[in-house]
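Residue 114, in my numbering, is where the sequence shown stops; the numbers in between run on with no holes.
Note that the Cβ used here is the ideal one computed from N, Cα and C, for glycine as well.
Following: one structure in structure tokens, then a few remarks.
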Amino acid sequence: MAIEKFTWPTERGDSPEITYRVRTAKFGDGYKQEAGDGPNNKEDSYPITCSGQKAKILEIMAFLDRHAGAKSFLWTTPLGELGLFTCKNPVPTPMGGGVFKLTATFARAFHP
3 MAIEKFTWPT
13 ERGDSPEITY
23 RVRTAKFGDG
33 YKQEAGDGPN
43 NKEDSYPITC
53 SGQKAKILEI
63 MAFLDRHAGA
73 KSFLWTTPLG
83 ELGLFTCKNP
93 VPTPMGGGVF
103 KLTATFARAF
113 HP
């Protein structure tokens, strides 16, 4: 089965959270050594927002439900990098008049 791609446009929003896992060894004379923790030590997550009519938000929720927080999907970051991501926390909020706002966080994944 092919990996699905999240293709809906997202609104500008909060800044991503980017961290690098690093292992540190400290020695008695104040010297320390640091090295990346594994081959994929970069952890990044992106808060996203999508707004629209109920039908559009239901379509996005169906996509996220198919992946159930565990199966990754393709998504292009705001910097234009295509990668694998998961989403564990989608929140559809009614705004009135049949319009909904969906907020979520896409977290980097390293396997489908």
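Residue i, DSSP secondary structure in three states
| i | result |
| --- | --- |
| Ile-20 | strand |
| Arg-14 | coil |
| Leu-76 | strand |
| Ala-57 | helix |
| Phe-65 | helix |
| Gly-98 | strand |
8 angstroms Cβ shell around residue i - same chain, five flanking residues per side excluded
| i | result |
| --- | --- |
| Arg-55 | It is worth fixing the name first, because residue 55 is Gln in this sequence and not Arg. If we look at Gln-55 and ignore the five residues flanking it on each side, its Cβ neighbours are Gly-100, Val-101 and Phe-102. |
| Met-63 | Pro-92, Pro-94 and Leu-104 |
Beta-carbon gap between residue i and residue j smaller than 7 angstroms
| i | j | result |
| --- | --- | --- |
| Thr-79 | Asn-91 | no |
| Leu-104 | Cys-89 | no |
| Phe-8 | Phe-112 | no |
In DSSP terms, what residue i is bridged to
| i | result |
| --- | --- |
| Thr-105 | Thr-51 and Val-93 |
| Gly-85 | Trp-77 |
| Ala-27 | Gln-35 |
| Glu-45 | Thr-21 |
Close Cβ partners of residue i (< 7 angstroms) along its chain, the five nearest in sequence each way excluded
| i | result |
| --- | --- |
| Lys-34 | Thr-26, Ala-27 and Lys-28 |
| Gly-84 | Reading the sequence as shown, one finds Leu at residue 84 and not Gly. Hits under 7 angstroms: Leu-76 and Thr-78. |
| Gly-71 | Thr-88, Cys-89 and Lys-90 |
Contacts around residue i, its chain only, beta-carbon distance under 6 angstroms, and the 5 residues preceding and following it disregarded
| i | result |
| --- | --- |
| Tyr-22 | Asn-43 and Lys-44 |
Count the CB pairs spanning the stretch 28-38 and the stretch 95-102 that are closer than 8 angstroms, and state whether there are at least three.
no
Under 8 angstroms, with one C-beta from each stretch per pair, do the stretch 4-16 and the stretch 47-63 reach the 3-pair mark?
yes
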